[in-house]
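Residue numbers for the sequence shown follow the working numbering, so the first one is 4 and each next one is one higher.
The beta carbon of each residue, even a glycine, is placed where N, CA and C say it ideally should be.
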Amino acid sequence: MADSKQVYSSSAFAAALEERFDDEVGRIISLSGELCTIPAITVPASKTDYELIARAHQAAKDYATAHGLRTYGPPVDEEHPYPFLVVSFAENDLGDSSLNEAIGLMGHVDVVPPKQEGQFEPYLDGVDLYARGSADMKTVLATYLVWMAQWQKREGPKPPMVLLMSCCEENGSVFPNNTGSALTWLREEYGVEIRFAVVGERTGELEWMGADLPVGPICRENRSWRWFRAQGTEARGMAELKRIDSVVNAGRHLIHEQNTNHTPPAKAERQPGVRSGFVNPFAFVAADEGLDEVEQAVWVKIARLPGASVHSAAAKADQPTLVELFAGLASEMEAGFDQALLAGIAIGEDGNYNTYDGSGAMTLVISGAKPAVEAWLAARDLEGLDVTTSEVALGSVSGPTFLGIDIRELLDHKAAVEEYVAAMPDKLWGTNGFDTFSARPPWRCPEAQPDLVALVAAYERVIGRPSLDLVKLHGNDGGLLAEQQQEADSECAAEGVGKVVVFGQVGMRPHGA
């Protein structure tokens, strides 16, 4: 029996394209496959391979220039390490003073780390392309580029549209050049304002619906994307774990309460599972002092092993986070033994807000007989946790204590979340150690926005049915445009307006096919 999979590097891949797709779709899948071979991983940002990012950027740029399109981009240097690609039609010179606004086609070429080997070896299985980043979102980028190349062949004027390709969306656009800085650069360098944008970020809104759709919906509403990192240089031990537990617990309960009591019934009925999200993707707590002074010391390490990857944007708020579980166990041991000190907590990966595998570990030093400690542990429900006890040191966490918080709230919950966020620094270690990596607000595009009206009409004409009115649940670079629009217009800010929409997904594999 012939292998049903055709690998990108094989002649069978090209043959399958000709056999299964029309010419235009075949070119899209071919270009997407090329982009998917490049492991342009940016999560966490500290592990970015800038040479691979440059390769991915250049591949998209080369395709654009080979088809007669104009390409632009802000300078890359030490302070702006990520390249950014802007593509326009040849007739639409951004340097022409008469071109002062445009419609943006937003996308990104970077990806999250693979879950298994071989994900940068794209293959076809039937009509599906499988590879890391094929859905999120290299097939979308390829669609933009092939569509623009096709339009470029036509005679006459071209629509005022530009492709805006980020190379650092997956890590939250934490450093320039990102979509936000590129929007500012376009405005300052060329006097071009993006009046409306379409984002092909197809992941995230249909996980709970099982909707049977031929193409994803136009999502007029999007949740926020708020990322925070707090650091306590001198903070350490059990006392700081309790402080962290209090802040995380309060935030999680706030989000759960908002989801339960303050989500409009019509929205919840239209989109089952629509909710705000809250997650603590990483936490590192430094050890108490005096570990070597504990008498009859028993070291206890409690770990949750890596499991299913948890995407920040999809995280639920109705179950305790791992740091809360650890804090509860630590408090119980502190009450149950003469002395209990924290040797450290390590959860997640510092700076990795996007995904985390659910793992983490807490190490304690208990004063007591080893059999008594083991009996105490055996009497607890520790399902899903791996427990090690030893009379020999099991290691400790040194350095500063720090905490990551990721919140994605619905527009309906914005006021409550912003009140919680405003109080957070003082409840941790003050503003000096508190960094906001993203404060992208929730937004909704006005139904009467002229470009949206035209898009909705085109959708209905092509698809043959109206688009569902859904909320986009995963963050994306469209939020950077909405943020700038709200900063520039107090009325937009007050009403939560963003002149940008996101196309939703059809499938269930956001980073795969």
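Asked                                                                                                                     : Found
Residue from Met-164, Trp-446, Arg-232, Val-400 with nearest C-alpha to Ala-418                                           : Trp-446
At least 3 beta-carbon pairs within less than 8 Å: the region 255-274 vs the region 460-469                               : no
C-beta contact flag for Leu-166 and Leu-186 at 8 Å                                                                        : no
Meets three-Cβ-pair contact criterion under 8 Å: the region 185-203 and the region 479-486                                : yes
Beta-carbon proximity list for Arg-512, same chain, < 8 Å, skipping 5 on both sides                                       : Since pLDDT at Arg-512 reaches only 49, below the 50 mark, its modelled position is unreliable, and no value is offered.
Beta-bridge pairing of Val-282 - partner residues as DSSP gives them                                                      : Asp-409
Cβ-based burial, Glu-490 [other Cβ within 10 Å; buried from 16]                                                           : exposed
7 Å Cβ shell around Ala-516 - same chain, five flanking residues per side excluded                                        : In this predicted model, Ala-516 has a pLDDT of only 40, less than 50, meaning its place in the structure is not dependable; the value taken from the coordinates is given anyway. Hits under 7 Å: Asp-131, Leu-132, Tyr-133, Ser-137, Ala-138, Gly-510.
Top-ranked residue by Cα proximity to Lys-319, from Asp-291, Val-277, Arg-307, Ala-290                                    : Val-277
Residues near Gly-310 in its chain [Cβ-Cβ closer than 6 Å; skip 5 each side]                                              : Gly-361
Proximal residues to Ser-13 (C-beta, below 8 Å), its chain only, five neighbours per side dropped                         : none
Residue burial classification, Val-395 (beta-carbon count within 10 angstroms, cutoff 16)                                 : exposed
Secondary structure of Pro-513, DSSP reduced to three states                                                              : Note that Pro-513 scores a pLDDT of 44, beneath 50, so its modelled location is shaky and nothing firm can be said.
Reference Ser-101; option with closest CA among Tyr-193, Ala-253, Asp-113, Ala-378                                        : Tyr-193
Cut-off 6 Å between Cβ atoms - residues of its own chain near Met-4, not counting five sequence neighbours on either side : In this predicted model, Met-4 has a pLDDT of only 37, less than 50, meaning its place in the structure is not dependable enough to derive any value.
Spatial neighbours of Glu-94 in its chain, beta-carbon cut-off 7 Å, leaving aside the 5 residues before and after         : Pro-160, Lys-161
Through-space distance from Asp-438 to Val-368, alpha-carbon basis                                                        : 32 Å
C-alpha distance - Val-301 paired with His-83, whole-angstrom precision                                                   : 49 Å
Whether Tyr-126 touches Val-10 by CB criterion (8 Å)                                                                      : yes
Cys-222 (DSSP reduced to helix, strand or coil)                                                                           : strand
Start-to-end residues for the alpha helix (DSSP H) that takes in Tyr-66                                                   : 53-69
Lys-417 CB to nearest heavy atom of the ligand NAP below 7 Å                                                              : The model on display carries no ligand, and the ligand NAP is accordingly not part of it.
C-beta atoms of Met-140 and Glu-204 nearer than 8 Å                                                                       : yes
Buried or exposed by the 16-neighbour rule on C-beta atoms within 10 Å, applied to His-265                                : exposed
Element boundaries [alpha helix (DSSP H), containing Ser-399]                                                             : No alpha helix (DSSP H) contains Ser-399, which DSSP labels as neither H nor E.
Bounding residues of the alpha helix (DSSP H) (the contiguous stretch that carries Ile-247)                               : 240-264
DSSP-derived helix/strand/coil call for Leu-167                                                                           : strand
At least 3 beta-carbon pairs within less than 8 Å: the region 100-115 vs the region 13-25                                 : no
Length-filtered (3 minimum) beta strand (DSSP E) runs lying within the region 126-153                                     : 126-128, 131-133
Cβ shell of Ser-7 (< 6 Å), same chain only, five flanking positions each side left out                                    : Asp-128
Glu-82 (DSSP reduced to helix, strand or coil)                                                                            : coil
Within 8 Å, strictly: CB atoms of Val-46 and Val-112                                                                      : no
Gln-342, DSSP secondary structure in three states                                                                         : coil
In chain order, each alpha helix (DSSP H) run of at least 4 residues that lies wholly inside the region 420-469           : 453-466
For Glu-204, the three-state DSSP class (helix, strand or coil)                                                           : coil
Which of helix, strand or coil DSSP assigns to Arg-383                                                                    : coil
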